[in-house]
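**Student:**
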């Protein structure tokens with residue numbers, strides 16, 4: 010079988026957006042369409058089923074999902090969700106992302122820097138309060154008023170309790186606001202990771218492709234008070250292989266989708282932001298690839314950042330392919346026209362027109378906002394300096410007046426990310442800072458005052474070298490002293506990066522304020538108006554766009570047919586051995602070569618289902634009708650990326666790893682017998 | 010003044026395509042609209058004017074234009090057109106592209122490897138013969154029959170005379186065929202080059218921008234029999250500065266434009282080829298940037314390739330910006346609809362439908378054609394191996410049966426490029442081959458048989474290292490032996506690259522044949538039919554799309570206004586000194602720092618005109634009404650890139666360097682007094 014490639018995605022003629030299918034949807038747990046599911050799959054999903062799955066689902070702060078699979082706080086997720094942690098924990102001269110972190114003992118499990126896990130306890134509708142808070146405001150003031158109201162509510166409900174986390178979520182692109190209350194765990198430890206060669210077999214060439222042969226799993230464990238958390242709400246581990254056509258459910262936290270956005274909004278992406286991203290990700294990819302080839306230490310340091318960039322590149326390609334497809338866009342246009350036709354607006358009122366105007370402002374303000382306010386978002390040091398400088402100034406104000414990130418309700422998360430010790434790789438930091446400065450000059454132009462503010466008379470190469478070589482922010486102790494010392498300590502600091510950040514921050518804030526005033530604020534107003542019209546026209550049959558909050562999708566184990574090519578739903582261990590060339594990324598882990606004769610070659614390894622999932626669902630459990638875990642989702646096929654804008658059940662597929670393969674491999678390849686006993690209660 | 014940036018190009022809302030303006034056009038010398046020009050500019054262009062300029066215009070085989078500016082064969086062109094040559098000629102430890110090649114003496118002028126200059130003597134209409142040759146054929150057979158007829162005609166007119174070069178040019182996208190007969194010079198020597206710091210001041214950030222401060226000139230000299238060629242047809246060098254509104258003419262060889270292509274053709278570019286190019290150029294750019302940072306030898310070796318990639322990147326961005334602009338595309342659609350409305354076609358006949366079908370085939374066959382048949386086009390070694398293997402096989406056939414590149418009429422050019430000694434940089438070759446192999450796997454997918462043919466069980470990294478380390482094709486003597494030995498020598502060779510090429514060539518030829526059969530052939534038929542309809546509807550008021558053949562454009566010295574920003578037409582030396590930060594690419598050449606007090610700060614340095622030019626026009630003389638040289642064109646503003654698809658005189662501008670600045674700098678910065686005397690006849 011020939012998989013569908015990036016080129017195919019470029020070249021499509023994607024698929025028609027078509028009518029909504031029976032098994033589409035990123036459903037919230039408090040509005041799950043159980044009757045529809047009963048009719049489509051013959052499966053009964055009751056409240057107990059939903060509660061059980063919800064309480065066993067844990068969102069990870071690295072942008073992933075996970076599930077509780079033992080009574081001792083064990084979480085199942087993906088290797089690629091634990092890779093940052095494995096890298097941070099690697100002792101000098103060793104690389105857990107490559108060798109794996111193979112079962113040792115509880116005593117050797119170690120805390121992942123910065124990682125937190127959240128389990129959803131409750132959602133409360135706060136739409137009325139959020140609308141009231143924004144009343145009479147517009148632009149930047151609206152954004153601020155809403156953020157302050159949200160912070161007050163989360164503070165009221167969760168308080169300063171470190172075991173709770175609250176957030177206000179805007180659903181239906183502003184049609185509904187809900188307060189989400191989570192149980193938070195801030196000591197999450199690495200328990201098992203098979204390492205790249207097995208987990209990411211096929212590497213970037215195979216990413217977003219199927220057939221696939223990847224053991225993309227990892228196990229983490231929740232700790233509290235230095236001890237594993239007791240978790241009676243765990244899901245049952247079912248090591249039986251999936252069967253074709255079997256109903257499947259995926260619980261997890263799909264990231265932001267754009268299915269409810271207007272044509273003007275997605276045209277902005279197609280014509281402005283996605284082409285900029287495509288070019289930028291590609292160039293950064295090239296710089297990182299060459300960097301990894303320079304020496305093994307670089308290769309180790311840049312492995313995860315490079316994977317992230319390559320993954321984001323494919324997502325960008327897939328998004329552009331969907332938006333460049335005339336049929337797809339025609340379907341989106343028809344949907345918007347349908348809603349407008351069902352809608353009677355007072356004279357002079359037209360939220361679609363307002364949204365289009367906000368997109369013009371977005372195009373105008375986009376570059377300055379992106380380069381100054383978003384900044385060097387892949388630099389750890391930049392993030393530290395930003396939090397220290399902004400946090401220093403903001404904490405001197407009442408919580409409601411601060412930038413939302415520094416409201417009292419958010420500070421514990423900020424502090425954890427800032428103060429947890431986490432190694433810095435100076436050469437890599439220099440590379441990403443140089444890249445950011447160089448792209449800033451390119452996008453803003455050499456003559457722009459913002460470029461001059463960033464660079465002065467220095468070049469991007471020179472400035473990035475100076476900033477990285479002179480800063481001490483890589484030291485968690487130095488960060489703690491500056492954080493504790495507040496704005497006074499910041500003002501007194503002569504650290505290169507702190508000085509640089511103090512210098513550019515006012516202009517970054519201006520870019521942010523202009524953006525909120527002319528883009529985010531007006532967008533929020535228009536989006537809410539359209540959302541209300543949509544809910545009025547179509548009612549409760551809708552699910553909200555993804556928001557990196559807990560959702561449940563339903564579907565079946567199924568391959569697909571596209572352009573006369575049929576792809577079956579399963580791969581086996583035998584296929585893995587057939588695909589191995591001995592050269593990266595198709596080189597087998599030596600443990601797998603050694604274990605070959607012990608493994609059942611017919612073990613079903615990876616499989617696809619037509620569950621509607623999207624980035625953020627990585628690490629989600631794949632459940633059978635009885636809510637037992639039969640796999641872990643880790644990818645989608647290349648055609649599934651168009652799902653950001655609209656879902657096509659004929660060809661969008663999620664890609665998962667079976668519990669059957671995990672059980673077999675844990676036992677026979679890794680000898681992780683204690684782990685298997687814990688999973689299977691034996 | 011704030012120039013318009015790449016970001017702006019991404020973000021536009023470009024400009025409307027609008028109606029054709031009075032001063033639009035890439036006019037051929039045999040159909041120049043003298044009456045129109047008289048009316049628009051008040052300038053009389055007679056046959057003597059045209060003949061004089063034509064005979065003083067020399068096309069350079071590096072894809073540039075030039076003009077004869079002395080009686081001793083001296084050519085004026087751009088630094089960036091001579092940079093390849095300067096790099097090839099640099100002695101070990103020295104880098105002429107950086108230091109420049111400053112006037113020494115005639116005896117020290119040295120031949121640029123592979124470079125030829127062609128002066129157009131005559132054009133003859135051969136439309137009837139070309140149509141007759143294609144009669145009854147379609148697909149690949151049509152392409153072959155036409156190529157054979159063209160080769161026979163060029164052979165008949167130019168024979169084996171190394172001083173002549175003939176080619177059949179398809180004008181109006183197939184509406185007309187003409188035989189172009191050139192005087193060829195194959196010993197072109199480097200006489201003067203100021204080097205990068207002055208010629209490419211502002212580097213990539215300033216490229217395609219204005220205001221601009223670049224001494225982008227170089228001087229070459231035609232030689233024959235070891236002596237400078239006597240050239241009485243030289244143009245007069247006028248060192249007076251240009252004035253605003255002054256009529257200007259640009260003679261040169263604009264490359265391929267797409268103004269006459271159908272909507273289906275440019276949509277293919279927008280949706281398939283340009284996004285692939287954008288991503289690929291960006292990644293290669295990133296790899297090369299990091300490569301240059303590794304050590305000074307790499308920086309020297311990759312300087313020119315990196316400039317080329319960055320230039321191509323901006324062109325791609327500009328093209329996408331034009332094609333993503335709704336207004337622009339609407340204008341193109343309206344133009345196509347207008348022609349269709351004026352046209353009555355027999356039932357069942359529809360060349361636009363046929364063209365659209367060919368684009369579907371193009372999308373399907375594009376990747377295999379691109380990766381196998383186009384191949385690693387930025388690798389020198391790949392080109393050598395391809396010519397040796399194909400040339401070896403093809404030369405055993407009658408000329409008419411060969412691939413067109415190896416027809417008797419083409420062999421002298423192929424041999425020169427293949428056999429001239431030209432240094433290889435193995436590390437750079439390895440980089441571009443690895444990149445090509447890696448992109449092939451990505452675009453074709455890992456499972457594609459073509460990927461397996463290219464890689465076998467090796468990785469792109471491993472295979473590229475093996476090919477480069479083991480080949481001896483960098484040695485011109487080895488190449489000569491293989492070329493002279495023909496197919497037998499190729500078969501007997503154990504050279505790594507020769508073996509690899511022999512292995513992949515049959516599949517590359519299959520990809521080529523399929524492309525010609527389903528794309529190039531059907532396109533040619535449809536294109537010719539549409540061209541005939543267009544000529545019938547609009548007659549002689551049209552100029553043909555650019556074909557890298559000699560054209561003349563007319564216009565005026567003029568700035569522009571876009572989005573309420575007005576950019577004036579001139580910069581001065583004072584502006585250069587104001588812009589210099591001391592850091593690359595805004596670091597001044599030490600000679601310029603030293604000469605500052607001697608230079609007149611008000612000297613007009615660079616200027617813009619509304620002449621309609623495009624890539625390939627680099628090095629073109631800018632002429633005044635008396636056909637005197639007043640500048641050399643070296644760039645366009647970022648908005649001019651949309652000119653590939655349609656021209657907008659309101660904002661498309663060409664960027665040129667004044668003779669005034671060249672004269673002042675040659676004298677006072679470089680002390681190149683003999684050169685100035687030669688230019689000014691003093």
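Protein chains in written order, with my numbering: chain A, 10 to 691; chain B, 10 to 691.
Ideal placement from N, C-alpha and C gives every residue a C-beta, glycine not left out.
Can you give me the start and stop residues for the beta strand (DSSP E) that residue 595/B sits inside?
**Tutor:** Residue 595/B -> no beta strand (DSSP E), and no H or E assigned at all.
**Student:** Compare the C-alpha of residue 109/A against each of 64/A, 135/A, 124/A and 209/A and name the closest.
**Tutor:** Among 64/A, 135/A, 124/A and 209/A, the Cα nearest to that of residue 109/A is on 209/A.
**Student:** Which ranges would you report for the beta strand (DSSP E) in the region 448-516 of chain B if only whole runs of at least 3 residues count?
**Tutor:** DSSP runs (the beta strand (DSSP E)) wholly in the region 448-516 of chain B: none.
**Student:** Please state whether DSSP places residue 169/A in a helix, a strand or coil.
**Tutor:** The answer is coil: DSSP assigns residue 169/A none of H, G, I, E or B.
**Student:** So which of 39/A, 147/A, 84/A and 116/A has the shortest CA-CA distance to residue 527/A?
**Tutor:** Closest option to residue 527/A, Cα to Cα, is 147/A.
**Student:** Which of the residues in the region 592-617 of chain A, read from start to end, lie with their CB under 9 Å from any CB of chain B?
**Tutor:** The region 592-617 of chain A vs chain B, Cβ under 9 Å: 592, 593, 594, 595 and 596.
**Student:** Beta-carbon of residue 653/A versus every beta-carbon of chain B: anything under 8 Å?
**Tutor:** No, residue 653/A does not count as interfacial toward chain B.
**Student:** Does residue 347/A come out as helix, strand or coil in the three-state DSSP assignment?
**Tutor:** Three-state result, residue 347/A: helix.
**Student:** What does a CB cutoff of less than 6 Å around residue 167/B pick up in its chain, not counting 5 residues either side in sequence?
**Tutor:** Contacts found: 173 and 175.
**Student:** Exposed or buried, what is residue 89/A when buried is set at 16 or more other beta-carbons lying within 10 Å of its beta-carbon?
**Tutor:** It is buried - the Cβ of residue 89/A has at least 16 other Cβ atoms within 10 Å.
**Student:** Would you identify the three-state DSSP class for residue 580/B, choosing helix, strand or coil?
**Tutor:** It is a strand residue.
**Student:** Do the region 531-540 of chain B and the region 147-164 of chain B meet, that is, are 3 or more Cβ pairs less than 8 Å apart?
**Tutor:** These segments touch.
**Student:** Identify the continuous alpha helix (DSSP H) that holds residue 136/A and give its terminal residues.
**Tutor:** It spans 136-143 - the alpha helix (DSSP H) in which residue 136/A sits, taken as one unbroken run.
**Student:** By alpha-carbon positions, which one of 367/B, 447/B, 611/B and 654/B ends up nearest to residue 525/B?
**Tutor:** Considering only alpha carbons, the answer is 367/B.
**Student:** Taking residue 274/B as part of the beta strand (DSSP E), name the residues at either end of that continuous run.
**Tutor:** Careful: residue 274/B lies outside any beta strand (DSSP E), inside the alpha helix (DSSP H) at 272-277.
**Student:** Counting beta carbon pairs with one atom in the region 667-687 of chain B and one in the region 112-119 of chain B, are three or more of them shorter than 8 Å?
**Tutor:** The region 112-119 of chain B vs the region 667-687 of chain B: in contact.
**Student:** When every heavy atom of the ligand MG is checked, does at least one fall within less than 7 Å of the C-beta of residue 255/B?
**Tutor:** What this structure holds is no ligand at all, so the ligand MG is not there to describe.
**Student:** Which residues, in chain order, does the region 215-226 of chain B contribute to contact with chain A at a C-beta distance below 9 Å?
**Tutor:** Within the region 215-226 of chain B, the qualifying residues are 215, 218 and 220.
**Student:** How far does the beta strand (DSSP E) with residue 231/A in it extend, from its first residue to its last?
**Tutor:** Note, residue 231/A: beta strand (DSSP E), 227-233.
**Student:** So which of 325/A, 512/A, 335/A and 311/A has the shortest CA-CA distance to residue 435/A?
**Tutor:** Of 325/A, 512/A, 335/A and 311/A, the residue nearest in Cα terms is 311/A.
**Student:** Closer than 8 Å by beta-carbon distance: list the chain B residues that pair up with residue 524/A, in chain order.
**Tutor:** Within 8 Å Cβ-Cβ: nothing; residue 524/A doesn't reach chain B, min ~14 Å.
**Student:** Within the continuous beta strand (DSSP E) that includes residue 569/A, where are the two ends?
**Tutor:** Note, residue 569/A: beta strand (DSSP E), 569-571.
**Student:** To which residues of the same chain is residue 498/B closer than 6 Å at the C-beta, ignoring the five residues directly before and after it?
**Tutor:** Excluding positions up to five away in sequence, the list reads 491.
**Student:** Would you list, in chain order, the members of the region 269-297 of chain B that have their beta-carbon closer than 7 Å to a beta-carbon of chain A?
**Tutor:** Cβ contacts with chain A: 280, 281, 284, 285, 287, 288, 291, 292, 293, 294, 295 and 296.
**Student:** Taking 8 Å as the CB-CB cut-off, is residue 471/A touching chain B?
**Tutor:** With 8 Å as the cut-off, residue 471/A counts as an interface residue toward chain B.
**Student:** Where do the ends of the alpha helix (DSSP H) carrying residue 653/A lie?
**Tutor:** Where residue 653/A is concerned, there is no enclosing alpha helix (DSSP H), given that its DSSP letter is neither H nor E.
**Student:** Name, please, each residue of chain B whose Cβ falls closer than 9 Å to the Cβ of residue 590/A.
**Tutor:** Neighbours of residue 590/A on chain B, chain order: 464, 465, 466, 467 and 468.
**Student:** With burial defined as no fewer than 16 other Cβ atoms inside 10 Å of the residue's Cβ, what is the status of residue 538/B: buried or exposed?
**Tutor:** With 16 or more Cβ atoms within 10 Å of its Cβ, residue 538/B is classed as buried.
**Student:** Put residue 120/A into one of helix, strand or coil per three-state DSSP.
**Tutor:** Strand.
**Student:** Is there at least one Cβ from chain B nearer than 8 Å to residue 333/A's Cβ?
**Tutor:** Closer than 8 Å: yes.
**Student:** Cutting at 6 Å between CB atoms, please list the residues of its own chain near residue 571/A, excluding the five before and the five after it.
**Tutor:** Once the five neighbours on either side are set aside, the close Cβ partners of residue 571/A are 660.
**Student:** Ends of the beta strand (DSSP E) at residue 647/B?
**Tutor:** Taken as a continuous stretch (DSSP letters only), residue 647/B belongs to no beta strand (DSSP E), as it is neither H nor E.
**Student:** For residue 73/A, write down the residues that DSSP places opposite it in a beta bridge.
**Tutor:** DSSP, once it has assigned bridges, lists 69/A as partnering residue 73/A.
**Student:** Report buried or exposed for residue 330/A, applying the criterion of at least 16 other Cβ atoms within 10 angstroms of its Cβ.
**Tutor:** Buried, by the Cβ-count rule.
**Student:** Taking the alpha carbon of residue 514/B as the point to measure from, which residue in 406/B, 614/B and 400/B has its own alpha carbon closest?
**Tutor:** Comparing Cα positions, the closest option is 400/B.
**Student:** Measure from the alpha carbon of residue 576/B to the alpha carbon of each residue in 566/B, 585/B and 464/B, then state which is nearest.
**Tutor:** Of the listed residues, the one whose Cα sits closest to residue 576/B is 566/B.
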